[in-house]
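Chains as they are written, first to last, in the working numbering: chain A, 1 to 147; chain B, 1 to 147; chain C, 1 to 80; chain D, 1 to 80. Every residue gets a Cβ at the ideal spot worked out from N, C-alpha and C, and that includes glycine. The structure presented is a predicted model; accordingly, all values stated were derived computationally and were not measured. Okay, so here's the structure we're looking at.
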């Protein structure tokens with residue numbers, strides 16, 4: 001299950017939804033808004049998604065994780081809109097009989113989500129500037145495009 | 001911080017305790033009691049720990065994780081006593097600026113906890129038998145010692 | 001010439017000043033649309049860092065563009 | 001002969017029927033204590049799968065045992 005949310009991600013509800021008597025391992029990942037990026041003091045973040053394709057591609061990533069690692073369930077929610085420092089921007093949870101598959105599938109989901117989904121992130125800095133964040137795999141070619 | 005608990009692990013409180021404005025990633029692992037092990041239907045589990053050394057060694061593992069991966073914080077709690085299917089037997093949470101360190105440190109903590117701490121697990125089966133579970137690294141040499 | 005609707009996202013939209021526009025383009029492929037609209041989206045990244053969809057389906061840059069298609073130009077993504 | 005207190009855990013304790021006992025042993029090392037108490041703890045595993053502590057400190061099997069020491073014999077661990 002993959003979902004885009006414009007309101008706060010309910011981590012406890014997501015975790016509760018992953019109950020399964022065959023599950024011996026739950027691995028979760030939360031992407032949090034932090035107060036610094038590449039030397040800049042960050043005040044808040046804004047996420048923009050093209051929801052129709054983000055959901056299609058997100059569901060595809062979840063299906064791949066289930067197929068490749070044989071996990072019992074995988075869930076991901078991603079925020080849009082303005083987020084404050086400390087807020088949860090993305091949550092991934094995976095249950096499996098054993099921990100190795102749970103860890104690997106969880107890592108797979110967040111890596112693919114970050115690189116494949118049409119989602120963009122704008123940082124607002126303490127000095128009044130703002131800038132779109134480039135993808136990790138592009139980081140060696142271009143840095144922030146400041147407005 | 002490592003702790004042995006004889007009552008339910010409060011996952012939400014542990015997660016709330018890991019708030020840090022510099023954290024961009026939170027990786028958690030939960031070991032859950034599952035209803036099956038090596039073909040046996042499991043009804044419940046009993047964990048026994050030798051607490052003085054489990055705590056010393058657990059704190060050591062946490063310190064190693066912080067040193068090796070440079071994470072902001074790592075926390076682990078491990079249960080003792082009787083646990084029902086679905087209950088949390090062990091919880092690990094790691095915060096870091098970026099996800100790679102968070103995942104690797106979380107995995108390191110649970111792997112080391114499982115192999116180094118004086119903690120033992122007894123399974124109670126649907127057929128009335130019970131048996132101590134051997135460590136994973138010993139699994140090729142001996143299976144359950146049924147009473 | 002083909003009539004193509006182009007949608008811009010994130011930094012592309014901010015540069016273009018519009019979220020979408022319908023253009024007459026001499027374009028056979030998605031890549032042609034991207035290159036011919038560079039002054040609009042202002043991309044300074046290599047093409048390979050960006051993504052493209054036609055009519056809400058992710059496609060390769062070599063995908064053909066037909067009269068009336070909607071081409072979505074995605075700058076480098078950065079979710080999570 | 002040395003007076004040594006031996007503590008058994010988990011399956012070792014169940015096999016011995018006691019959690020600890022004080023024994024007179026001809027033992028120089030932790031390994032000697034383990035081997036001489038095999039009939040008590042009943043271990044069928046290779047030594048390397050088990051762990052040992054002396055006076056609440058984890059030690060190697062070659063660690064020396066002194067008069068009055070408490071030796072803790074840990075069967076293969078299985079936390080988590």
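* When Cβ atoms are compared, which residues of the region 87-119 of chain A fall closer than 7 Å to chain B? -> 97, 99, 103, 107 and 110
* To do: Measure from the alpha carbon of residue 43 of chain B to the alpha carbon of each residue in B:111, B:78 and B:82, then state which is nearest.
  => B:82
* To do: Give the C-beta separation of residue 103 of chain A and residue 3 of chain B to the nearest angstrom, bearing in mind that I take them to be a contact with Cβ-Cβ under 8 Å.
  => Contact between residue 103 of chain A and residue 3 of chain B does not hold, since the beta-carbon distance rounds to 22 Å and is not under 8 Å.
* To do: Spatial neighbours of residue 146 of chain B within its chain, please: CB distance less than 7 Å, with the 5 preceding and 5 following residues excluded, ordered by chain position.
  => In this predicted model, residue 146 of chain B has a pLDDT of only 35, less than 50, meaning its place in the structure is not dependable; the value taken from the coordinates is given anyway. The answer, listed in chain order, is 129 and 131.
* Asked: When DSSP labels each residue in this structure, what does residue 50 of chain A get in the three-state scheme?
  -> coil
* Asked: In terms of residue numbering, what span does the beta strand (DSSP E) encompassing residue 74 of chain B cover?
  -> 73-79
* With 8 Å as the threshold, decide whether the Cβ of residue 39 of chain D is near any Cβ in chain B. => Answer no: the Cβ-Cβ gap between residue 39 of chain D and chain B never drops below 8 Å.
* Under 9 Å (Cβ pairs) to chain A, residues found in the region 54-78 of chain C -> 56, 57, 58, 72, 74, 75, 76, 77 and 78
* **Between the CA atoms of residue 52 of chain B and residue 26 of chain B - distance to the nearest angstrom** => 29 Å
* Asked: Under 7 Å from any heavy atom of the ligand FMN, does the C-beta of residue 21 of chain B make it?
  -> Here there are no bound small molecules, and the ligand FMN is not part of this structure.
* Asked: Just the Cα atoms here: how many angstroms apart are residue 87 of chain A and residue 30 of chain A?
  -> Distance between the alpha carbons of residue 87 of chain A and residue 30 of chain A: 10 Å.
* Determine the chain C residues that contact residue 78 of chain A at a beta-carbon separation under 8 Å, and present them in chain order. => 79 and 80
* Asked: What does a CB cutoff of less than 8 Å around residue 51 of chain D pick up in its chain, not counting 5 residues either side in sequence?
  -> 58, 74 and 77
* State the beta-bridge partners of residue 70 of chain D as determined by DSSP. => D:5
* **Completely contained beta strand (DSSP E) runs for the region 56-136 of chain A, where each covers 3 or more residues** => 73-79, 81-84, 88-96, 119-125 and 130-132
* For the alpha helix (DSSP H) containing residue 38 of chain D, list its first residue and its last residue. => Residue 38 of chain D -> alpha helix (DSSP H) spans 38-41.
* CB of residue 91 of chain A within 8 Å of CB of residue 9 of chain A, strictly -> yes
* Would you report the Cα separation of residue 72 of chain A and residue 61 of chain A, rounded to the nearest angstrom? -> 15 Å
* Asked: Beta-carbon separation of residue 125 of chain A and residue 41 of chain A under 8 Å?
  -> yes
* **Start and end residues, beta strand (DSSP E) containing residue 25 of chain D** => Where residue 25 of chain D is concerned, the enclosing beta strand (DSSP E) stretches over 20-25.
* Please classify residue 39 of chain A: is it buried, with 16 or more other beta-carbons within 10 angstroms of its beta-carbon, or exposed? => exposed
* To do: Please confirm if residue 127 of chain B has its CB atom under 8 Å from at least one CB of chain A.
  => no
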